[in-house]
Every structure is written in C-alpha cells, then in structure tokens.
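A.B. asks: Sharing a structure, written as structure tokens. Questions coming.
There are 2 protein chains.
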Amino acid sequence: MANSASGESIIGRFVKIVSAFDNRHKSMSVAELGRRTGLPVTTTYRLVNDLLLERLLEREPGGDVHIGTRMWELVSRGSKMLGVREAALPFMEDVQAVVQHSTTLGILDSDEVLYIERIGSAGTIVDITKIAGRLPVHATSSGLVLLANSPAAYQEIILSRPLTKYTETTLTDPAVLRRHLAEIRQRGFAAMPGVIVPESSGIAVPVFGPDNTVVAALSVVVPRNEDNTAARVPVLMAAARGISRALGWRGELKGALRQSH
Amino acid sequence: MANSASGESIIGRFVKIVSAFDNRHKSMSVAELGRRTGLPVTTTYRLVNDLLLERLLEREPGGDVHIGTRMWELVSRGSKMLGVREAALPFMEDVQAVVQHSTTLGILDSDEVLYIERIGSAGTIVDITKIAGRLPVHATSSGLVLLANSPAAYQEIILSRPLTKYTETTLTDPAVLRRHLAEIRQRGFAAMPGVIVPESSGIAVPVFGPDNTVVAALSVVVPRNEDNTAARVPVLMAAARGISRALGWRGELKGALRQSH
DNA sequence: AGCAGGATTACCATTGAGTGGGAATCCGGA
DNA sequence: TCCGGATTCCCACTCAATGGTAATCCTGCT
Numbered sequence: 301m302a303n304s305a306s307g308e309s310i311i312g313r314f315v316k317i318v319s320a321f322d323n324r325h326k327s328m329s330v331a332e333l334g335r336r337t338g339l340p341v342t343t344t345y346r347l348v349n350d351l352l353l354e355r356l357l358e359r360e361p362g363g364d365v366h367i368g369t370r371m372w373e374l375v376s377r378g379s380k381m382l383g384v385r386e387a388a389l390p391f392m393e394d395v396q397a398v399v400q401h402s403t404t405l406g407i408l409d410s411d412e413v414l415y416i417e418r419i420g421s422a423g424t425i426v427d428i429t430k431i432a433g434r435l436p437v438h439a440t441s442s443g444l445v446l447l448a449n450s451p452a453a454y455q456e457i458i459l460s461r462p463l464t465k466y467t468e469t470t471l472t473d474p475a476v477l478r479r480h481l482a483e484i485r486q487r488g489f490a491a492m493p494g495v496i497v498p499e500s501s502g503i504a505v506p507v508f509g510p511d512n513t514v515v516a517a518l519s520v521v522v523p524r525n526e527d528n529t530a531a532r533v534p535v536l537m538a539a540a541r542g543i544s545r546a547l548g549w550r551g552e553l554k555g556a557l558r559q560s561h
Numbered sequence: 301m302a303n304s305a306s307g308e309s310i311i312g313r314f315v316k317i318v319s320a321f322d323n324r325h326k327s328m329s330v331a332e333l334g335r336r337t338g339l340p341v342t343t344t345y346r347l348v349n350d351l352l353l354e355r356l357l358e359r360e361p362g363g364d365v366h367i368g369t370r371m372w373e374l375v376s377r378g379s380k381m382l383g384v385r386e387a388a389l390p391f392m393e394d395v396q397a398v399v400q401h402s403t404t405l406g407i408l409d410s411d412e413v414l415y416i417e418r419i420g421s422a423g424t425i426v427d428i429t430k431i432a433g434r435l436p437v438h439a440t441s442s443g444l445v446l447l448a449n450s451p452a453a454y455q456e457i458i459l460s461r462p463l464t465k466y467t468e469t470t471l472t473d474p475a476v477l478r479r480h481l482a483e484i485r486q487r488g489f490a491a492m493p494g495v496i497v498p499e500s501s502g503i504a505v506p507v508f509g510p511d512n513t514v515v516a517a518l519s520v521v522v523p524r525n526e527d528n529t530a531a532r533v534p535v536l537m538a539a540a541r542g543i544s545r546a547l548g549w550r551g552e553l554k555g556a557l558r559q560s561h
C-alpha cells in the first residue's frame with residue numbers, strides 16, 4: 301500500500317518521521333530527519349513541507365523542525381486518555397504529598413505498561429518511569445495489577461512468552477506468576493520489591509472505569525529499605541477509589557448484581 | 301497536492317480525520333467519521349484501516365474507532381511542550397492550594413492562547429478554559445501577558461485586526477491596549493476583570509525560558525467579587541519564577557548583560 | 001422468521017499525487 | 001575565496017490512492 305519503492309504508505313512514513321523525535325532529539329534539521337528515518341532526501345523534504353503546512357511540524361528560526369503544537373492539540377482534544385489523566389491528577393497529588401517519592405499512573409497498551417502521568421519530587425529515587433515511557437508488565441507492580449485484572453486469555457499470552465529477569469526478585473516462572481496474579485486480584489494491590497531496579501520497590505492498585513473494568517494502575521515507587529507497604533496501600537486504595545468514582549464508577553454494584561443471577 | 305478529486309493531500313485528510321474527534325465525540329463509527337469529514341466512503345475506510353494498522357486509531361469492541369494510544373505516545377515523547385507542562389505542574393499545584401479556584405498554563409499559538417494544562421477544584425467558578433482549549437489573546441489575562449512579551453511586529457498584527465468585545469470590560473481599542481501592554485510588561489503581570497466572562501476575572505504572569513524569552517503564561521481565574529489581586533500576584537510570581545528556573549532560566553542575567561554593552 | 005436501513009467490505013477502471021534520482025542553489029564556516 | 005552540507009528545483013515514471021457501484025453483513029423492529 302504505497303507509492304514508494306520500499307512499499308510503505310504515507311501514514312507509515314508519517315509515523316516514522318514523528319518517531320524520529322524523542323526525549324533526546326526534540327528538534328533536528330530536515331536532512332538529519334531524513335537520515336534518521338532512512339527516507340530518500342527529496343521525499344523527506346516534500347513530506348516535511350506537507351506536515352509544516354498542516355502545522356503538525358513546526359520550523360524554528362535555525363531551520364530545525366520539531367513536533368508542532370497542532371499535533372498535541374489534536375491528540376489532546378480527542379484522546380480518551382485525557383479523561384483518566386485529568387481525573388487522576390488531583391488524587392495523585394494527594395498521594396504524592398503523603399508518600400513523597402514518585403507517583404505514577406499507567407495503562408495497559410500492547411503487552412506493556414504505558415505511563416501516562418507521573419509526579420515526582422525534584423531529586424528523589426531511582427525511578428526509570430517516564431511519562432510516555434514503557435515497561436514490561438511482568439516486572440512492574442503496575443503491570444501486575446493490570447495483568448491480574450485482564451481476561452484470562454490475555455494473561456496466558458503474556459505468561460507464555462520468555463520473560464526477562466531484570467533482578468533477583470523478578471518473577472519469571474509462569475506458575476509462580478499465576479499464583480501471584482490470583483493473590484493480587486484478591487487482595488487488590490501489588491507490592492513488588494526491586495523487580496526491575498534492585499534499590500526501589502513499587503506498590504500499585506487498580507483504578508476502575510464505569511463498567512467496573514480496570515482502566516489504569518496507580519502506583520508509588522519508594523526506596524526498598526523504607527518499603528512500608530502496610531502503611532502505603534490504604535493511601536493508594538483511597539486515592540484509586542476517588543479516581544474511579546470521578547470516572548463514573550459506582551462501587552462494586554455491578555459485580556454484586558452479576559453474582560445474584 | 302493530492303490524488304483526490306478535491307485536491308487534498310493525505311496528510312490533510314489525516315488531520316481532517318483526527319480533527320473529527322473532540323471532547324464530545326471521543327469515538328464514532330467509521331461511517332460517521334466519513335460523514336463528519338466529508339470524505340468519500342471508500343476512501344474513509346481505506347484510510348482508517350491504514351491508521352488502525354499503525355495504531356494511530358484504535359477499534360473498540362462495538363466497532364467504533366477512537367484516537368489511538370500510539371498517537372498520544374508519539375506526541376508526548378517528542379513534543380517540546382511537555383517539558384514546560386511537567387516543570388509547571390508541581391508549582392501549579394502549590395498555587396492551586398492557595399488560591400483554590402482554577403489555575404491554568406497557556407502558550408501562544410497562532411494568534412490565540414492555547415491552554416496546555418489546567419487544575420481546578422471540583423465545582424468552582426465559571427471558567428471556560430479547557431485543556432487544549434483556545435481563547436483570543438486580547439480577551440484573556442494570559443493572552444495579554446504573552447502578547448506584551450512578544451515582538452512588536454507581532455503585537456501590531458494582532459492589534460490591527462477587529463477585536464471582539466465579549467463583555468463591557470473587554471479592551472478593543474488598539475491605543476488603549478498598547479498602553480495596557482506596556483504597563484503589563486513593566487509591572488510583570490496582567491489583571492483583567494471579566495474580560496471574557498463577566499463573573500470571573502483572571503490574573504496572569506509570564507514564565508521564562510532559558511533564553512529569557514517568555515514561553516508561557518501562568519494564571520488563576522477567580523470570582524470577580526473576591527478579586528484580591530494584590531494578594532494573588534506575589535503567589536503567582538513566585539510560582540512562575542520557580543517554573544522558569546526549572547526550565548533553565550537564570551534570573552535576569554542576560555538582560556542585564558545586554559544592557560551593559 | 002422476515003424485513004428495512006445502515007454500516008461495512010469487495011470490486012475495479014482510472015489517473016495524477018507521490019516518487020526519487022540528479023543537478024542547481026543556498027548557506028555558514030575555514 | 002573556497003568548501004561541504006543543507007535545501008530547493010526539476011522532471012519523467014508509475015503504481016498507490018481514488019471513488020464510484022454493488023454485494024454483504026449487522027442490528028433492531030415487526
């Protein structure tokens with residue numbers, strides 16, 4: 301589906317171009333953009349011009365281009381995620397005020413955890429979480445909470461793959477994980493010490509949507525030595541319930557009704 | 301530049317499609333999408349499929365489509381705005397804790413103010429500001445702060461157009477506005493009672509970037525009757541300085557140096 | 001079940017937008 | 001001034017994109 305010799309659609313090339321920008325490369329010359337994407341020079345320039353016309357890219361004085369405001373605007377107006385993020389923000393601040401380290405909000409996206417918001421006091425802990433960053437489900441507390449509340453079929457897909465062992469405490473045995481997931485589902489939270497970075501541990505709880513499904517995971521990352529789980533879980537749970545309610549969740553009514561059938 | 305009868309590029313159509321989604325229409329059937337965009341049926345389906353492949357759009361169980369996670373991710377990783385937003389968030393929370401009404405962060409984007417973040421207590425005041433919302437520069441405190449710190453040429457472009465008078469207090473006379481802008485630039489803040497909605501008034505201050513230019517405006521919206529400007533300005537200014545510093549601003553050094561030449 | 005009306009997919013001839021190599025031009029630094 | 005890279009211009013080729021029409025799939029209604 302494409303006019304190009306390499307057989308890509310314009311949409312594909314568009315994604316390539318936008319993907320060329322990241323945390324470390326927020327702007328670059330068109331020539332460099334061409335190099336990074338591997339697209340032919342002329343093609344790059346033509347496409348970039350189209351994008352500039354639509355203000356999806358913007359040209360800065362030096363000649364370099366960067367992702368345009370329009371792009372952000374389009375996404376923000378129509379994206380469903382913004383609802384969750386906005387509803388969560390005040391509660392996250394509350395959690396952050398108490399826990400003081402690093403509070404994150406993550407959702408499940410194509411077999412990984414995608415962090416859509418993060419609050420962290422200036423110079424805190426080792427926390428590799430970044431906004432719009434991704435981490436594997438099996439090695440994060442958020443991921444395990446999300447996985448535990450996913451359809452069984454999905455769980456099996458994840459569990460049946462080779463799981464990377466990041467640290468000594470990372471769980472990689474499907475059987476052990478399955479047991480853990482059941483526990484998490486029942487207790488309502490996941491506490492994972494040093495699963496991906498040895499020095500810090502994460503605690504996560506589920507956030508519910510109107511239809512009683514889990515839409516996100518709220519979590520805190522704290523230094524492993526002061527990992528006071530018992531005290532933190534209630535704080536997180538209260539915040540998560542607040543977020544859930546703001547999203548239109550009405551307690552566990554539905555679940556109860558379903559059981560009565 | 302397009303294959304289409306109507307003479308649009310694919311990029312243009314892509315924008316049309318994404319634009320079809322907004323606050324009130326976060327998901328819809330492909331057919332409706334076609335209607336809203338005015339694109340031929342077949343074309344819509346083909347394009348949507350391309351977008352689904354790249355995960356820029358996502359299909360939900362019912363068959364409706366909505367803007368994909370990938371879209372948000374791409375933008376968030378490369379966009380320059382995120383830096384400002386993230387740096388500002390904690391300070392905005394501080395302001396919000398004191399002022400209690402509604403705190404916003406806005407930037408200048410093609411002759412309007414684009415609000416990139418907003419915090420508001422649950423049920424507060426009349427405040428039409430929305431995240432990713434736009435308002436005219438001449439009728440908002442944020443807009444006036446941004447305009448006051450823009451190149452003179454840009455100011456003149458704005459002032460030379462017909463300016464809508466939203467309420468009795470909206471300034472529309474170029475001469476008066478010019479004087480106001482000078483004042484704002486000198487005093488370092490703008491306080492506008494009921495410029496766009498009669499019942500509420502806004503106070504805004506500039507946020508500086510590393511090169512000492514104004515990159516955003518921090519503002520609060522309060523009920524007009526308790527418009528305690530004198531008390532609010534220092535709070536805002538302190539926060540704005542904090543944000544600026546987080547962005548790499550180093551006081552007014554550069555300005556001072558320039559003067560010494 | 002059978003039917004109406006819309007959403008979705010399949011088919012297909014047509015064509016001009018997109019393509020990309022190459023050359024000319026425009027920079028900024030040595 | 002010269003040089004190397006970035007950017008723009010030029011242009012012939014061609015297949016991806018186009019957009020009708022028609023078939024098929026749903027879904028709710030009678």
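Protein sequence lines correspond, in order, to chains L and V. Position 135 of the first sequence, counting from 1, maps to 435 under our numbering, and the rest follow consecutively. Position 241 of the second sequence, counting from 1, maps to 541 under our numbering, and the rest follow consecutively. For glycine and all other residues, C-beta sits at the position ideal for the given N, C-alpha and C.
Would you give the residue range spanned by the beta strand (DSSP E) that L/G406 belongs to?
C.D. replies: Counting along the chain, the beta strand (DSSP E) containing L/G406 begins and ends at S402 to D409.
A.B. asks: Using the three-state DSSP reduction, which class does L/F508 fall into: helix, strand or coil?
C.D. replies: Three-state DSSP puts L/F508 in a strand.
A.B. asks: In its own chain, which residues sit with a C-beta less than 8 Å from the C-beta of L/N323, not counting the 5 before and 5 after it?
C.D. replies: These residues qualify, in order along the chain: K430.
A.B. asks: Who are the neighbours of L/S519 on chain V, taking C-beta pairs under 7 Å?
C.D. replies: What L/S519 touches in chain V: nothing, since even the nearest Cβ is about 18 Å away.
A.B. asks: Report the neighbours of L/A432 on chain V: residues whose CB is nearer than 7 Å to its CB, in chain order.
C.D. replies: Simply E373, S376 and R377.
A.B. asks: Quick test of your reading: V/E419 and V/T440, contact by CB under 8 Å. State the CB separation rounded to the nearest angstrom.
C.D. replies: The sequence given here places Ile at residue 419 of chain V; Glu does not occur at that position. At roughly 17 Å, the Cβ-Cβ gap does not stay under 8 Å, so V/I419 and V/T440 are not in contact.
A.B. asks: Is the Cβ-Cβ distance between L/V348 and L/V365 less than 9 Å?
C.D. replies: Against a cut-off of 9 Å, the Cβ pair of L/V365 and L/V348 comes out as a contact.
A.B. asks: Just to confirm, are V/R346 and V/L356 a CB contact at a threshold of 9 Å?
C.D. replies: Not a contact, by the Cβ cut-off of 9 Å.
A.B. asks: Using a Cβ-Cβ cut-off of less than 9 Å, give me the residues of the region 321-345 of chain V that come near chain L, in sequence order.
C.D. replies: The region 321-345 of chain V vs chain L, Cβ under 9 Å: F321, D322, N323, H325, K326 and S327.
A.B. asks: Could you check whether L/P493 and L/S501 sit closer than 9 Å to each other, using their CB atoms as the reference points?
C.D. replies: Result yes, Cβ atoms of L/S501 and L/P493 sit closer than 9 Å.
A.B. asks: Just the C-alpha distance for V/T529 and V/I484, rounded to the nearest angstrom, thanks.
C.D. replies: Answer to the nearest angstrom: the Cα atoms are 14 Å apart.
A.B. asks: With DSSP collapsed to three states, give me the class of V/E499.
C.D. replies: V/E499: coil per DSSP, three-state reduction.
A.B. asks: Cβ of L/I503 within 9 Å of Cβ of L/L459?
C.D. replies: Against a cut-off of 9 Å, the Cβ pair of L/L459 and L/I503 comes out as no contact.
A.B. asks: According to DSSP, is L/T424 helix, strand or coil?
C.D. replies: Low confidence applies here, because L/T424 scores a pLDDT of 49, under 50, leaving its location unreliable; read the following figure in that light. Coil at L/T424, not helix or strand.
A.B. asks: With a threshold of 9 Å between beta carbons, is L/L444 in contact with chain V?
C.D. replies: Not an interface residue.
A.B. asks: Measure the Cβ-Cβ separation of L/L446 and L/V514 and say whether it is below 9 Å.
C.D. replies: Taking 9 Å as the Cβ cut-off, L/L446 and L/V514 qualify as a contacting pair.
A.B. asks: Which residue's Cα is closest to the Cα of V/T464: V/F489, V/V497 and V/R336?
C.D. replies: With distances taken between Cα atoms, V/T464 lies closest to V/V497.
A.B. asks: Output the distance between the C-alpha atoms of L/G383 and L/G548, rounded to the nearest integer angstrom.
C.D. replies: C-alpha separation (whole angstroms): 11 Å.
A.B. asks: If the cut is a Cβ gap below 9 Å, which residues of chain V does L/S544 touch?
C.D. replies: Correct list: empty, because the minimum Cβ distance to chain V is about 15 Å.
A.B. asks: Have a look at V/S309 and L/D350 and give me their C-alpha separation to the nearest angstrom.
C.D. replies: For V/S309 and L/D350, the distance between alpha carbons rounds to 8 Å.
A.B. asks: Expressed to the nearest angstrom, what Euclidean distance is found between the alpha-carbon atoms of V/A461 and V/M392?
C.D. replies: At residue 461 of chain V the sequence reads Arg, which differs from the Ala that was named. Between V/R461 and V/M392, the C-alpha separation is close to 33 Å.
A.B. asks: What are the start and end residues of each continuous beta strand (DSSP E) run of 3 or more residues lying completely inside the region 354-397 of chain V, in chain order?
C.D. replies: Listed in chain order, they are 357-359 and 365-367.
A.B. asks: Rounded C-beta distance between L/L444 and L/A490? I'm assuming under 8 Å.
C.D. replies: Contact holds; Cβ gap of about 4 Å.
A.B. asks: Figure out for me which residue from V/G406, V/A453 and V/A448 has the closest Cα to the Cα of V/V476.
C.D. replies: Out of V/G406, V/A453 and V/A448, V/A448 has the C-alpha closest to the C-alpha of V/V476.
A.B. asks: Just the C-alpha distance for L/Q455 and L/L481, rounded to the nearest angstrom, thanks.
C.D. replies: Cα-Cα distance, rounded: 9 Å.
A.B. asks: Please report the distance separating the alpha-carbon of L/F314 from that of V/V315.
C.D. replies: The straight-line gap from Cα to Cα measures roughly 12 Å.
A.B. asks: Quick check: the Cα distance between L/I425 and L/V522, rounded to an integer number of angstroms?
C.D. replies: Note on L/I425: pLDDT 47, under 50, position unreliable in the model; no value is reported.
A.B. asks: Out of V/V520, V/I317, V/Q486 and V/T472, which has the shortest C-alpha to C-alpha gap to L/R377?
C.D. replies: Of V/V520, V/I317, V/Q486 and V/T472, the residue nearest in Cα terms is V/I317.
A.B. asks: Quick check on DSSP: helix, strand or coil for L/A320?
C.D. replies: Coil, per DSSP.
A.B. asks: Is L/A432 helix, strand or coil when you go by DSSP?
C.D. replies: Of the three classes helix, strand and coil, the one that applies to L/A432 here is coil, per DSSP.
A.B. asks: Kindly list the residues whose CB is nearer than 7 Å to the CB of V/E412, restricted to its own chain and excluding five residues on each side of it in sequence; keep chain order.
C.D. replies: Contacts found: R434, L435, P436 and V437.
A.B. asks: Can you list, in chain order, the residues of its chain whose CB lies under 6 Å from that of L/M328, leaving out five sequence neighbours each side?
C.D. replies: Around L/M328: D364.
A.B. asks: Looking at the unbroken alpha helix (DSSP H) that takes in V/L463, where does it start and where does it end?
C.D. replies: From DSSP, V/L463 is part of no alpha helix (DSSP H); its letter is neither H nor E.
A.B. asks: What first and last residue would you give for the beta strand (DSSP E) that runs through V/S329?
C.D. replies: Segment: none, V/S329 is in no beta strand (DSSP E) and carries neither H nor E.
A.B. asks: Check L/S450 in the structure and name its three-state DSSP category.
C.D. replies: In this structure, L/S450 counts as coil in the three-state DSSP scheme.
A.B. asks: Taking DSSP as the reference, what is the three-state secondary structure of L/L444?
C.D. replies: Note: L/L444 maps to helix in three-state DSSP.
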